[in-house]
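Visitor:
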Amino acid sequence: MSNTILLTVYTGLYKSDSCLDKYEYKPISITPTKVTYFLYFQACRLQKDMIFFPVLGLSFREILLSFSEELEYSILGVSVVLFLIALCLLIWQIYHYCTRFPVSQRPDILSTRSGGFQYATQTNDPKMEVHYEELSHRLSPGISCTNLGSSLDLASMADLEEENIQGSLRFSLFYDQLQSKLVVTVLDAQDLAKRDFSHSVDPFVWVRLLWAEREDEEQSSMQCVLDEWQTRLVKKSCSPVFGDQFSCTLAEEEVPRVTVRFEVRDFDKYSRHGILGEARAPLNSLKLSYPLELREDLQVPKKDMVGEALLSLKYMPTSQRLEVGVLKIHTVCHPNKTERALYAKTSVTCNHCRLRHQRTEQKKRREVTVFNEVLTFVLPDQQIRECTIIVSVYEVQPSKKSSKHLIGHIHIKKGKTFENEHWKLMMQSLRQPIAKWHLLFI
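Under the UniProt record's numbering, read the sequence shown as residues 1 to 442, first letter to last.
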C-alpha cells in the first residue's frame, strides 16, 4: 500500500510538469527496482529542463541580500567615481591624440582649425640631409654675408622700441696686470627716460665683454661674448646708484680686442624688458694701468655680429607646412674657453605672440657646427603672410645644468615696408627648400 501512495505522488508531479491533460491518476503496485529507475528518469528530466540554474541564481541572491544597505550604497558610490575617472582619462587621451597627431599620418588637405599651430615636429631624413649638404657646399659664408647684412639688420632692429634715449652712465675700468684681470665697475646713471605707460622706471645694467676676431678690422669682424653680468635692480629711480663690480680673467695681449658694452634696461615682470640706451667702451684706445672713471651719454642700441648660420626654408601651401632647416652655424670661439655645446631654438611668432617653438639637439661647438635638422611647423595660410621666424642660438656647458648662454638671433619675416630676401625666394619657389646664409646679431 505504501508503494501505491508513493507512485501516486510522483505521477502527480510528472503530470503538473509536462501538462498532460490525458494523464490519469491511478494507484498501481510497483517493485523497489522500478521505483529506483523511475526516480533516475525524473532527475535526468529536471537537469535537462535547466531547473538547476534558477536554484543557483536564488542562492547568489540570498548571498547578496546578506549585505547591509549602507555597504551596498558605498560600493555603488565607489564604482561611480571610478567610472567617471576612467571616462575623464579616456576623453583626455582622445583630445591629446587629436591635437598631437603626426603630420605624416594626416591626409594632405587644407586644415579647418583656426587660431595658431596644430603640430610641430622634427625630422632627420638621411636623404634630406644629403640634399641640404649639397646645398651648403654650393654656398660660401664669405660671399653671402655681404648680401644679407643690410636686410637682416633692419629686421632685427625693428623689434626695438622707438623711445627717446636720454641720460648718462658712469662706470670705471681697470686692468690688473699682476692678476691678469679686467675689473669693471658700474657706478650710477642719471636722467634716465621714463616709460610712457608706467611713468616710472626700474633700471638695471647688462654688461657684456665683446672679443673681436681680428683687431685690425674690429668694426667688420665677428665677435664673441667672453662674459656677461647683470647689476642689481633699482626700483622707481631715474638716477639709480649701482656700485656693482665685476672681474674677468684676460690676457694682456687680448685687451685691445675687447669692447665693454653697457646696456641699460627697464625691468618688466610681465613682458620683455625695455631698452633705455647703451654705452660702449673700446679698450684699444684706453689706458687701464690705473682705475679709469668715465661717464658716457646713452645711445641708441646697436647690434653686434657674432656669427652666421646656414638656414633653409620650404613652404607647402596645400598641407600648410613650413619647414625651417638648421644646417650649419659658424661662430667665433675664444681659445681659452672650455668645451661647450650649441643648440638652436626656432620660434614662429605672429603679432608679437609666439605660436610654436622647436629646438635642435645639442652639438659640440666647433668653428662650423653642423646640425642638418629640419623643424616642421603647421599653421593656417592666413598667418604665414604675417609671421616672423626667429632662430636663437644658445651655448651650454655640458658640466653645468643651468649654463645657458645666448649667442645671437636671426629674424626672418615679411614686413609692411620691406620683405626679407630669403622669405621672398621661399614664396617664389614653393615646395622647394631654399638655403641661405644669415648673420647672427646680439
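We put the CB at the ideal spot given by N, CA and C, even for glycine.
Only a predicted model underlies this, so the values are computations on that prediction, with no experimental measurement involved.
#1: Between Gln-230, Leu-288 and Val-378, which lies nearest to Ser-180 when the distance is taken from Cα to Cα?
#2: Going straight from the alpha carbon of Leu-425 to that of His-438, what length do you get?
#3: With Lys-424 as the anchor, note down where its alpha helix (DSSP H) starts and where it stops.
#4: Would DSSP call Glu-361 helix, strand or coil?
#5: Under the three-state reduction of DSSP, which class applies to Arg-293: helix, strand or coil?
#6: So, does the segment 199 to 212 touch the segment 235 to 245, judging by three or more C-beta pairs under 8 Å?
#7: For the putative contact between His-330 and Gly-307, defined by C-beta atoms under 8 Å, what is the C-beta separation to the nearest angstrom?
#8: Please classify Asp-266: is it buried, with 16 or more other beta-carbons within 10 angstroms of its beta-carbon, or exposed?
#9: Report the CB separation of Leu-298 from Ala-279 in whole angstroms; it is logged as a contact under 8 Å.
#10: In the DSSP assignment, find the unbroken beta strand (DSSP E) run with Asp-244 in it and report its ends.
#11: Let's test the definition: count the other Cβ atoms within 10 Å of the Cβ of His-352 and tell me whether it reaches 16, buried, or not, exposed.
#12: Report the residue from Met-427, Leu-283, Arg-340 and His-96 whose alpha carbon sits nearest the alpha carbon of Lys-314.
#13: Quick check on the DSSP output: the beta strand (DSSP E) that includes Ile-165 runs from which residue to which?
#14: CA-CA distance, Val-184 and Val-264?
#15: Once you ignore the five residues that flank Phe-246 on each side, which residues in its own chain have a CB closer than 6 Å to its CB?
#16: Going straight from the alpha carbon of His-405 to that of Arg-340, what length do you get?
#17: So is Thr-388 buried or exposed if we call it buried at 16+ other beta carbons inside 10 Å?
#18: Beta-carbon separation of Ile-442 and Asp-304 under 8 Å?
#19: Starting from the C-beta of His-199, find all residues in its chain whose C-beta is less than 6 Å away, skip the five residues before and the five after it, and write them out in chain order.
#20: What are the uninterrupted segments assigned as alpha helix (DSSP H) that are 4 or more residues long and contained completely in the UniProt domain "C2" (305 to 438), given in chain order?
#21: So, with DSSP's three-state summary, where would you put Ser-140?
#22: Taking only the alpha-carbon atoms, compute the straight-line gap between Arg-385 and Ser-319 and give it to the nearest angstrom.
#23: Which of helix, strand or coil does DSSP assign to Val-255?
#24: Nearest-angstrom Cα distance between Val-300 and Ala-344?
Guide: In brief:
#1: Here the question's residue 180 lines up with position 180 in the sequence shown. Checking every option, the nearest Cα to that of Ser-180 belongs to Leu-288.
#2: For the purposes of this step, residue 425 is taken as the residue at position 425 of the sequence shown. For the purposes of this step, residue 438 is taken as the residue at position 438 of the sequence shown. If I take the Cα positions, the gap works out to 14 Å.
#3: In the sequence shown, counting from the first residue as 1, residue 424 sits at position 424. First-last of the alpha helix (DSSP H) with Lys-424: 421 to 428.
#4: Residue numbering aside, residue 361 sits at position 361 when the sequence shown is read from its first letter. Glu-361 falls in the coil class under three-state DSSP.
#5: Within the sequence shown, the letter at position 293 stands for residue 293. Looking at the sequence shown, residue 293 is not Arg but Glu. Note: Glu-293 maps to strand in three-state DSSP.
#6: yes
#7: For the purposes of this step, residue 330 is taken as the residue at position 330 of the sequence shown. For the purposes of this step, residue 307 is taken as the residue at position 307 of the sequence shown. Contact holds; Cβ gap of about 6 Å.
#8: As a first step, residue 266 must be located in the sequence shown, where it is residue number 266. Buried: at least 16 other Cβ atoms inside 10 Å.
#9: Position 298 of the sequence shown holds residue 298. Position 279 of the sequence shown holds residue 279. Yes, they are in contact, since the Cβ atoms of Leu-298 and Ala-279 sit about 6 Å apart, within 8 Å.
#10: Within the sequence shown, numbered from 1, the residue matching residue 244 stands at position 244. Asp-244 -> beta strand (DSSP E) spans 241 to 249.
#11: For the purposes of this step, residue 352 is taken as the residue at position 352 of the sequence shown. With fewer than 16 other Cβ atoms within 10 Å, it is exposed.
#12: Locating residue 314 in the sequence shown gives position 314, where the first residue counts as 1. Minimum Cα distance to Lys-314 is reached at Met-427.
#13: Taking the sequence shown and counting its residues from 1, the one referred to as residue 165 is at position 165. From DSSP, Ile-165 is part of no beta strand (DSSP E); its letter is neither H nor E.
#14: Numbered from its first residue, the sequence shown carries residue 184 at position 184. Numbered from its first residue, the sequence shown carries residue 264 at position 264. Whole-angstrom Cα-Cα distance: 15 Å.
#15: By one-based count along the sequence shown, residue 246 stands at place 246. The answer, listed in chain order, is Val-184 and Trp-229.
#16: Translated into the one-based positions of the sequence shown, residue 405 becomes position 405. Translated into the one-based positions of the sequence shown, residue 340 becomes position 340. C-alpha separation (whole angstroms): 10 Å.
#17: If you number the sequence shown from 1, residue 388 lands on position 388. So Thr-388 ends up on the buried side.
#18: Within the sequence shown, numbered from 1, the residue matching residue 442 stands at position 442. Within the sequence shown, numbered from 1, the residue matching residue 304 stands at position 304. Contact: yes.
#19: Start at 1 with the first residue of the sequence shown, and residue 199 comes out as number 199. Cβ within range, chain order: n/a, list empty.
#20: 381 to 384 and 421 to 428
#21: Against the sequence shown, residue 140 aligns to sequence position 140. Residue confidence for Ser-140 is low, a pLDDT of 38 falling below 50, so the modelled location carries little weight; the figure read from the coordinates is stated next. Ser-140 falls in the coil class under three-state DSSP.
#22: On the sequence shown, position 385 is the one that residue 385 refers to. On the sequence shown, position 319 is the one that residue 319 refers to. CA-CA distance, Arg-385 to Ser-319, rounds to 15 Å.
#23: Here residue 255 refers to the residue found at position 255 of the sequence shown. Assignment of Val-255 by DSSP, reduced to helix, strand and coil, places it in the helix class.
#24: Counting from one through the sequence shown, the residue named residue 300 turns up at place 300. Counting from one through the sequence shown, the residue named residue 344 turns up at place 344. So the alpha carbons of these two residues sit roughly 28 Å apart.
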